[in-house]
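Asks: In the numbering used here, the protein residues as written are 40 to 248.
Yeah, the Cβ is synthetic: ideal placement off N, Cα and C, and Gly gets one too.
Below is a structure I'd like to ask you about.
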């Protein structure tokens, strides 16, 4: 009985911690998120946070599709000059940045306005590398609202001035699972901030011009 009480108490504390962390991340990102291009400040570089183009069932990933469309909208509205795509290229058969690049070019974005970050294995890596490798102290992050909030929280704690442009959200049957994962991702991001965790890889600097 005593062990059960301890287990229940630990579960309650864990849930409270997740809820508190989630609220803190959202609070820190307030006033830095935009849904339309009308009022969003201009930045030199828009950072697309990577996503796979296809789901496990072979359908187009709506998160990918909407981030792509949001980046094109920002560029054509004159709110960004360059697009930095940061995603996973951890194996030869999986290349998020190049896939995004091909589709951006097909939608009219000039190739010389697109830069690729192949070491964006997670959000922290993408945000920190935008500064340390690509030299951007100020960026516009392009993803869904829940993801933008976490990315901005990370940026603020790594001395990157960031705003977020919200891509359209996905309302498929996996949405609740994605939101649940986000609670744990935000907790992990908070731990990374406390311990000043660095990206998996850095490397030579790449000038965006």
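Name the residue from 246, 108, 62 whose alpha carbon lies nearest to the alpha carbon of residue 174.
Replies: For the residues 246, 108, 62, the minimum Cα distance to residue 174 belongs to 246.
Asks: In chain order, what are the residue ranges of uninterrupted alpha helix (DSSP H) at least 4 long that sit wholly in the segment 204–246?
Replies: Taking only runs of at least 4 residues, the alpha helix (DSSP H) segments lying wholly in the segment 204–246 are 214–233.
Asks: Closer than 7 Å by C-beta to residue 208: which residues in its own chain qualify, once you throw out the five before and the five after it? Chain order, please.
Replies: Once the five neighbours on either side are set aside, the close Cβ partners of residue 208 are 183, 184.
Asks: Taking only runs of the beta strand (DSSP E) that begin and end inside the segment 49–80, which ones reach a length of at least 3 residues, in chain order?
Replies: Counting only runs of 3 or more, we get nothing.
Asks: Quick one: grab the DSSP three-state call for residue 141.
Replies: Of the three classes helix, strand and coil, the one that applies to residue 141 here is helix, per DSSP.
Asks: If you draw a straight line from the C-alpha of residue 132 to the C-alpha of residue 138, how long is it?
Replies: For residue 132 and residue 138, the distance between alpha carbons rounds to 11 Å.
Asks: Which of the three DSSP states is assigned to residue 198 in this structure?
Replies: Correct three-state label for residue 198: coil.
Asks: Just confirm the distance between the C-beta atoms of residue 122 and residue 153, as a whole number of angstroms; I'd bet it's less than 8 Å.
Replies: At roughly 5 Å, the Cβ-Cβ gap stays under 8 Å, so residue 122 and residue 153 are in contact.
Asks: Alpha carbon to alpha carbon, what distance is there between residue 177 and residue 228?
Replies: Distance between the alpha carbons of residue 228 and residue 177 is about 20 Å.
Asks: Is the beta carbon of residue 134 sitting closer than 9 Å to the one on residue 157?
Replies: Yes.
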